Each structure stands twice: as C-alpha cells, then as structure tokens.
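**Q** Residue numbers for the sequence shown, in this note's numbering: 53 to 295. Beta carbons are placed, not taken as given, at the ideal position from N, Cα and C, and that holds for glycine. What you are looking at is a predicted structure, and each value in this text was computed from that prediction instead of being measured.
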Amino acid sequence: MKLFVLKEKDINEKVANEIVSLVNEKPSCVLGLATGSTPLGVYKALIQKYANNEVSFKNVHTYNLDEYVGLSLNDKQSYHYYMKKVLFDHIDIDLNNTHVPNGVDVDKSLKGYDEEIKNAGGIDLQILGIGSNGHIAFNEPGTSFSSLTHIVNLNKSTIEDNSRFFTSIDEVPKQAITMGISSIMNAKKIILIALGEHKAEAIKRLFQDSIREDFPASILKTHPNVEIYCDALAAKYLKQEVK
Ligand code: GLP
53 MKLFVLKEKD INEKVANEIV SLVNEKPSCV LGLATGSTPL GVYKALIQKY ANNEVSFKNV
113 HTYNLDEYVG LSLNDKQSYH YYMKKVLFDH IDIDLNNTHV PNGVDVDKSL KGYDEEIKNA
173 GGIDLQILGI GSNGHIAFNE PGTSFSSLTH IVNLNKSTIE DNSRFFTSID EVPKQAITMG
233 ISSIMNAKKI ILIALGEHKA EAIKRLFQDS IREDFPASIL KTHPNVEIYC DALAAKYLKQ
293 EVK
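1) Any chance the CB of residue 149 is under 6 Å from a heavy atom of ligand 3?
2) Quick one: Cα of residue 135 to Cα of residue 251, how far?
3) So within the region 86-169, which uninterrupted alpha helix (DSSP H) runs reach at least 4 residues, ignoring any that extend past its ends?
4) In the structure shown, what three-state DSSP assignment does residue 226 receive?
5) Using 8 Å as the threshold, is the region 75-85 in touch with the region 171-184, meaning 3 or more CB pairs across them?
6) Are residue 243 and residue 275 closer than 7 Å when you measure CB to CB?
7) Between 258, 154, 196, 114, which lies nearest to residue 146 when the distance is taken from Cα to Cα?
8) Residue 256 lies in the alpha helix (DSSP H); which residues open and close that run?
9) If you draw a straight line from the C-alpha of residue 211 to the C-alpha of residue 104, how long is it?
10) Check whether the region 66-81 touches the region 90-104, taking contact to mean three or more Cβ pairs, one atom from each stretch, closer than 8 Å.
11) What are the start and end residues of the beta strand (DSSP E) that includes residue 205?
12) Tell me the rounded alpha-carbon separation between residue 285 and residue 272.
13) Can you give the beta carbon distance from residue 95 to residue 55, rounded, assuming they're within the 8 Å contact cut?
14) State the beta-bridge partners of residue 243 as determined by DSSP.
15) With a 10 Å radius around its C-beta and 16 neighbouring C-beta atoms as the bar for buried, classify residue 118 as buried or exposed.
16) Restricting to Cα atoms, I'd like to know which of 219, 265, 283, 240 is closest to residue 249.
17) So residue 265 packs on residue 184, CB below 8 Å; how close in whole Å?
18) Can you have a look at residue 194 and say buried or exposed, based on whether 16 or more other CB atoms are within 10 angstroms of its CB?
19) Just tell me which of 144, 110, 229, 177 has its CA closest to the CA of residue 192.
20) Any heavy atom of ligand 1 closer than 6 Å to the CB of residue 155?
21) Cutting at 6 Å between CB atoms, please list the residues of its own chain near residue 87, excluding the five before and the five after it.
22) Hey, out of 289, 279, 288, whose CA is closest to residue 177's CA?
23) Which partner residues does residue 82 have in the DSSP bridge list?
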C-alpha cells in the first residue's frame, strides 16, 4: 500500500486527476464508486474538470459499492439518489452505463452484479472510504474475505455513524446490499481515502493490525495496487516510518 498524507483539497485534486487520466487513456474504463461524505470533494473536482472540458465520461461505466435495502431508487437517502445528485447529473455520463446495487429488487443484484462487472471487463479503479470499524463498502467486521455481492445486517456502530444523514437513527435501514470483499479486491487498482480524526483509529489499525476478517480493510495489504490518501488528522497515529 502506498500512503499519501496530504491536505484534503490536494487529495481531492490528486484523486480526481488520477480518474481523469484513466478516463482519457481508456474512455470506456470501469470505475468503482463509493458514497458517504469522503468522496464528495473528489466528485466536485471531477465535475469541475468536466466543465473545463478536460474529460468526457460519455463511455465510462460505473459500479457502486453498495445500497441500503428497502429504499426506493428515488428515496433521498438512497445511494442511487446520492450518485445522481452529487455526480451523474452534472457530467455527460450515460445513465445506462451507471450501476448501483438495487435495494428493492435485491435478488436481481445478488445474482448478477459480480457477473456484470466481470463482463464489463472488471473494475479499473475502485474508490473506497473506510468505516470507523474498518468496514469497506458495507462489509462489516467478520465478513468472509471470499465474499461476493451479498446482503448484510449493519452493525450498531455503522447505523450510528450513518444516522447523521437521516432525521433520526430509527430511519437508518438495518440492512444493505454490498459488493463483497472479493468483488472489491478484483479491482485492478484501489484508492482508499480517509479524512478526519474519527478515521484515525481505523487507519492506525489498517497499517498495524494483521490481516484478519474482523478488520475488513486489512485485506487491502494483499492487493498489488493500493493507494491510501489520508489527511493529517486521519494519519495522526501513524508512526513517522510509515508516513
Ligand atoms: C459507509 C459506506 C462506505 C463508506 C463508509 C464511510 O457506511 N457504506 O462505503 O466508505 O461508510 O463513510 P463516510 O465517507 O461518510 O465516512
């Protein structure tokens, strides 16, 4: 894993530039996209670069990591809605080329999502955040490293973390559909971003813990092409030699 400790705005710029370079080199590339607050700055930077005519997303294919079970595609808390609002509505991507697991017709996504990604040529670049408990996508601690797209019961800590996006904690769905750990590890390149002090413990464990299923992000150490971008707060427990 290659670590970069940078200011948040430089992280957004650098990651957006990596995406733009990839798209310009391979216009029909496959991007793996994440939701949550972490990638918002990168999406903003991508919209700006599109507006500046630096890139076209016309032929790009995207696959999102996860979705809440039970939320309709138009529900304002759904990741379908999030993606349209924060990225897809502002660039020239063909919506038919964008894919988010279906939280209503769950069976469809369970059967076909990994197969579809494979048929599209596999994910060239996967963007990831990290949960405070080390989850990646919605793969909670204890998830099998060989998992493909599946349904999960969300941990109490994840429900609490994500309740900030809902009016009350009771509204947070208790289940989600998520790409599995193996689905994520199949990506050719992975970029994980962590911002803020509340991610510092997870980032420390990512570098210091052994590779184990009760800390899902630890599997990234076995992937040949991973970049970790942290701001100073998220990297605060990392020893100088790692930085
Ligand atoms: C959420 C999402 C993850 C995300 C993570 C961190 O539960 N399922 O894909 O990376 O938790 O979220 P945030 O970026 O809001 O801190």
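**A** In this structure, then:
1) In the structure shown, ligand 3 is absent; the only ligands present are ligand 1.
2) Locating residue 135 in the sequence shown gives position 83, counting from the first residue. Locating residue 251 in the sequence shown gives position 199, counting from the first residue. Their Cα atoms are separated by approximately 23 Å.
3) 92-103, 131-138
4) Indexing the sequence shown from 1 puts residue 226 at position 174. Note: residue 226 maps to coil in three-state DSSP.
5) yes
6) The residue labelled residue 243 in the question sits at position 191 within the sequence shown. The residue labelled residue 275 in the question sits at position 223 within the sequence shown. Taking 7 Å as the Cβ cut-off, residue 243 and residue 275 do not qualify as a contacting pair.
7) Taking the sequence shown and counting its residues from 1, the one referred to as residue 146 is at position 94. When each option's Cα is compared against that of residue 146, the closest is 114.
8) Residue mapping note: residue 256 aligns to position 204 of the sequence shown, counting from 1. Counting along the chain, the alpha helix (DSSP H) containing residue 256 begins and ends at 252-260.
9) Counted from its first residue, the sequence shown places residue 211 at position 159. Counted from its first residue, the sequence shown places residue 104 at position 52. Approximately 38 Å between the Cα atoms of the pair.
10) yes
11) Residue 205 sits at position 153 when you count from the first residue of the sequence shown. Segment 202-205, the beta strand (DSSP E) holding residue 205.
12) Position 233 of the sequence shown, counted from the start, is the residue given in the question as residue 285. Position 220 of the sequence shown, counted from the start, is the residue given in the question as residue 272. Each residue's Cα considered, the two are about 21 Å apart.
13) Here residue 95 corresponds to residue number 43 of the sequence shown, with the count starting at 1. Here residue 55 corresponds to residue number 3 of the sequence shown, with the count starting at 1. No, residue 95 and residue 55 are not in contact; Cβ-Cβ is about 23 Å, not under 8 Å.
14) On the sequence shown, residue 243 is found 191 positions in, with the first residue counted as 1. Paired residues: 179, 279.
15) Here residue 118 corresponds to residue number 66 of the sequence shown, with the count starting at 1. Label assigned to residue 118: buried.
16) The residue you call residue 249 lines up with position 197 of the sequence shown. Taking only the C-alpha atoms, the option nearest residue 249 is 283.
17) Working through the sequence shown from its first residue, we reach residue 265 at position 213. Working through the sequence shown from its first residue, we reach residue 184 at position 132. In fact, because the Cβ distance is near 17 Å, the residues do not count as touching under 8 Å.
18) Here residue 194 corresponds to residue number 142 of the sequence shown, with the count starting at 1. Per the 10 Å Cβ criterion, exposed.
19) Sequence index remark: in the sequence shown, residue 192 carries index 140 (1-based). Among 144, 110, 229, 177, the Cα nearest to that of residue 192 belongs to 229.
20) Taking the first residue of the sequence shown as 1, we reach residue 155 at position 103. No, ligand 1 has no heavy atom inside 6 Å of this Cβ.
21) For the purposes of this step, residue 87 is identified with residue 35 of the sequence shown, where counting begins at 1. 131, 134.
22) As a position in the sequence shown, residue 177 is number 125, starting the count at 1. Nearest option by C-alpha distance: 279.
23) If you number the sequence shown from 1, residue 82 lands on position 30. Looking at the DSSP assignment, residue 82 forms a beta bridge with 113.
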